[in-house]
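A.B. asks: Numbering follows full-length UniProt numbering, with no gaps: position 184 of the sequence shown is 184.
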Amino acid sequence: MAIDHWLMTIPPLAVYLAVAGVVGIESLGVPLPGEVVLVSAALLSSRHELAVSPLWVALAALAGAVIGDSIGYGIGHRYGIGLLQRLGRRFPKHFGPSHLALAERAFARWGVLTVIIGRFIAILRILAGPLAGALRMPYAKFLPANIIGGALWTIGTVYAIYFLGIVAETWLKRFSYVGLIVALVAGATIGWMVKKRVSRSLAAPPATPPEEEGASAA
1 MAIDHWLMTI PPLAVYLAVA GVVGIESLGV PLPGEVVLVS AALLSSRHEL AVSPLWVALA
61 ALAGAVIGDS IGYGIGHRYG IGLLQRLGRR FPKHFGPSHL ALAERAFARW GVLTVIIGRF
121 IAILRILAGP LAGALRMPYA KFLPANIIGG ALWTIGTVYA IYFLGIVAET WLKRFSYVGL
181 IVALVAGATI GWMVKKRVSR SLAAPPATPP EEEGASAA
C-alpha cells in the first residue's frame, strides 16, 4: 500500500503521530522515508474533506525532527565516530564510508550550518545529529541550528506542498494538466540543480588556509 493511501485510511491525529514518529526516527539516524511521509501528509492536508491540518503536520514533523536529531546527537556524543564506522560496515548502503566521508566534509566546510543545510539532503538528514555529537559540537550551538533547520524544512515543505496541492486542484478544474506538469518539472529541476551544486561543493577538498600553506612550504 502506498504511503499516501495508507495515511488516508487513518484519523488526523494518527497522521500527525505517524509524521512525528517517522521523521523523528529518521533524524536520530535510522534510514526511513521521512521526506516521503511529510510530503504525503502535506498533500492530504490540501484536501479539506480529510480534516488534516497543514499546521499540525508541520508542527508534528518539527517536533519529530528536533527530538530525533537531539537523540541522535546524544548517541553520537556517547559512543563516538566508532559507532558510525561500525554501522557503515554493517549497513554500507546507508552508512557506508562514502556517506560518512561526505558528512564529515560537510561539517569541515560549513560547521554548524551543516545541521541546517543537512535537513534538505537525505544523507545529511540521517547523519547530521549523530555526527555532530561524535565530533563534539557543543549542544548550545547544535540545538538552535537543529530548530532552525527543522523549522525551515518542515514548515517550508508542508506549506509549499499544501499550496501546490490547492493550486493544482484549481488548475485541473479550470485548465489542463499542462500547467501542472510544467510547474512540477520546473520545481524538480531547481531542486536537482541545488542538490547537484551542494554535492559538487562537498566533493571538492577544503581550501588550505594561507598560514597552513606557508607552514608546509617552510
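Using N, Cα and C, we set each Cβ at its ideal position, and we do this for glycine too.
Inspect the beta-carbon positions of L84 and F95 and report whether they are closer than 9 angstroms.
C.D. replies: Within the sequence shown, residue 84 is the residue found at index 84, counting from 1. Within the sequence shown, residue 95 is the residue found at index 95, counting from 1. Yes, the Cβ-Cβ distance between L84 and F95 is below 9 angstroms.
A.B. asks: Is the Cβ-Cβ distance between V158 and A14 less than 9 angstroms?
C.D. replies: Within the sequence shown, residue 158 is the residue found at index 158, counting from 1. Within the sequence shown, residue 14 is the residue found at index 14, counting from 1. Not closer than 9 angstroms, so no.
A.B. asks: Is L62 closer than 9 angstroms to A151 when the C-beta atoms are compared?
C.D. replies: In the sequence shown, counting from the first residue as 1, residue 151 sits at position 151. In the sequence shown, counting from the first residue as 1, residue 62 sits at position 62. Yes, they are a contact pair.
A.B. asks: Taking its Cβ as the centre, do 16 or more other Cβ atoms sit within 10 Å of A18, making it buried, or is it exposed?
C.D. replies: By one-based count along the sequence shown, residue 18 stands at place 18. Classification for A18: buried.
A.B. asks: Would L55 be called buried (16 or more neighbouring beta carbons within 10 Å of its own) or exposed?
C.D. replies: Position 55 of the sequence shown, counting from 1, holds the residue named residue 55. So L55 ends up on the exposed side.
A.B. asks: Between which two residues does the alpha helix (DSSP H) harbouring V82 extend?
C.D. replies: What you label residue 82 is simply residue 82 of the sequence shown in a count that begins at 1. Going by the sequence as given, residue 82 is Gly instead of Val. 81-90 is the extent of the alpha helix (DSSP H) around G82.
A.B. asks: Determine the direct distance from the alpha carbon of G149 to that of F120, and round the result to whole angstroms.
C.D. replies: Start at 1 with the first residue of the sequence shown, and residue 120 comes out as number 120. Start at 1 with the first residue of the sequence shown, and residue 149 comes out as number 149. Taking the straight line joining both Cα atoms gives about 9 angstroms.
A.B. asks: Just to confirm my understanding: we take V52, look at its own chain, exclude 5 residues before and 5 after, and list those with CB closer than 6 angstroms. What are they?
C.D. replies: For the purposes of this step, residue 52 is identified with residue 52 of the sequence shown, where counting begins at 1. Counting only Cβ-Cβ distances below 6 angstroms, and skipping sequence neighbours, we find P12, V15, L44, S45.
A.B. asks: Restricting to Cα atoms, I'd like to know which of T154, A132, I155, H99 is closest to G111.
C.D. replies: Along the sequence shown, one-based indexing puts residue 111 at 111. That would be A132, whose Cα lies nearest to the Cα of G111.
A.B. asks: Could you name the residues of the same chain whose beta carbon sits closer than 8 angstroms to that of I10, not counting the 5 residues immediately before and after it, in chain order?
C.D. replies: Reading the sequence shown from its first residue, position 10 is the one you call residue 10. Once the five neighbours on either side are set aside, the close Cβ partners of I10 are A18.
A.B. asks: For T9, does the three-state DSSP call read helix, strand or coil?
C.D. replies: Counting from one through the sequence shown, the residue named residue 9 turns up at place 9. Here T9 sits in coil by DSSP.
A.B. asks: Using only the alpha-carbon positions, how far apart do G72 and L164 sit?
C.D. replies: Working through the sequence shown from its first residue, we reach residue 72 at position 72. Working through the sequence shown from its first residue, we reach residue 164 at position 164. Cα-Cα distance, rounded: 32 angstroms.
A.B. asks: Given that a residue counts as buried once 16 or more other Cβ atoms are within 10 Å of its Cβ, and exposed if not, what is I156?
C.D. replies: The count along the sequence shown starts at 1 and reaches residue 156 at position 156. The question names Ile, yet the displayed sequence has Gly at residue 156. Exposed is the call here.
A.B. asks: For R125, which three-state DSSP category applies?
C.D. replies: Start at 1 with the first residue of the sequence shown, and residue 125 comes out as number 125. In the structure shown, R125 sits in a helix (DSSP, three-state: H, G or I).
A.B. asks: Looking only at its chain, what residues have a beta carbon closer than 6 angstroms to the beta carbon of G118, apart from the 5 residues adjacent to it on each side?
C.D. replies: Along the sequence shown, read from residue 1 onward, the residue named residue 118 stands at position 118. Around G118: L124, R125, A128.
A.B. asks: Within 10 angstroms of its Cβ, does S98 collect 16 or more other Cβ (buried), or is it exposed?
C.D. replies: By one-based count along the sequence shown, residue 98 stands at place 98. It counts as exposed.
A.B. asks: Please tell me whether S98 has its Cβ less than 9 angstroms away from any Cβ of chain B.
C.D. replies: No chain B appears in the structure shown, which is made up of a single protein chain.
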